[in-house]
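Numbering (the numbering used here), first residue to last: 6 to 230.
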């Protein structure tokens with residue numbers, strides 16, 4: 006049984022009445038909107054931390070104030086940026102994975118609620134907009150012209166770059182922090198090790214998600230055969 010079939014089965018078993026499906030759909034729509042806003046905020050934090058690091062390296066700031074917190078040592082402020090960046094990126098990915106599942110449930114629920122095909126034009130119009138879904142839709146057609154093939158091969162490396170760039174930037178941040186901080190005390194070593202552990206955990210989490218999806222796709226394919 007594929008992931009979509011499992012969700013459809015749960016919808017039929019747990020949301021038996023039309024009113025319960027409508028209520029669930031309304032709540033789900035709000036949760037999708039909340040996750041979109043949360044991803045936007047996290048992306049802004051990632052962007053600000055990425056811009057702040059080189060600025061702090063080039064300028065000599067005697068004191069940094071974050072609300073009631075004051076950081077006098079600029080080296081400490083620089084050393085905190087990799088930890089903030091890696092943790093926020095981890096949360097960003099977790100919210101993204103949750104959003105993907107929410108959108109999958111949304112399209113299956115609308116198809117069940119209105120009695121239309123999941124991949125139909127009408128159901129497609131109800132889905133919340135997504136850049137990745139839009140790209141996949143335009144390139145999943147059976148026939149692609151020359152421009153479609155060019156854009157398709159353009160998006161493949163672009164996708165890999167977008168996924169791998171944050172990890173490359175994390176490596177750059179950690180390397181620079183080690184050079185600047187030259188850790189000696191336990192606190193300094195913690196500042197250096199923390200982003201490494203978070204980054205490794207994020208990579209392992211990504212591998213686990215990909216493996217689970219591949220296993221489920223393989224199992225569903227074997228069942229169909």
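From the three backbone atoms N, C-alpha and C, an ideal C-beta is built for every residue, glycine too.
Take residue i and list the residues in its own chain whose beta-carbon comes closer than 8 Å to its own, dropping the five residues that flank it on each side.
i	result
residue 96	47
residue 179	87, 197, 200, 201 and 204
For residue i, is the classification buried or exposed, using 16 other Cβ atoms within 10 angstroms of its Cβ as the cut-off for buried?
i	result
residue 91	buried
residue 86	buried
residue 198	exposed
residue 84	buried
residue 63	exposed
residue 45	exposed
residue 206	exposed
residue 208	exposed
residue 16	buried
By Cβ distance, which residues of its chain are closer than 7 Å to residue i, with the 5 residues on each side in sequence left out?
i	result
residue 56	none
residue 5	What is shown of the chain runs 6 to 230, which leaves residue 5 out entirely.
Pop quiz: residue i and residue j are said to be a contact at Cβ under 8 Å. What is the actual Cβ separation, rounded to whole angstroms?
i	j	result
residue 36	residue 107	6 Å
residue 115	residue 30	7 Å
residue 94	residue 51	6 Å
residue 9	residue 113	6 Å
residue 13	residue 175	Incorrect: roughly 39 Å between the Cβ atoms, too far for contact.
What residue from the options has the CA that sits closest to residue i's CA?
i	options	result
residue 58	105, 82 and 164	82
residue 99	220, 88 and 213	213
residue 171	183, 159 and 89	89
residue 132	22, 33 and 18	33
Enumerate in chain order the residues of its own chain whose CB-to-CB distance from residue i is below 6 Å, with the five nearest sequence positions on each side excluded.
i	result
residue 121	127 and 128
residue 28	none
I'd like to know whether the C-beta of residue i is nearer than 8 Å to at least one C-beta of chain D.
i	result
residue 212	The chain labelled as chain D is not found in the depicted structure, where only one protein chain is given.
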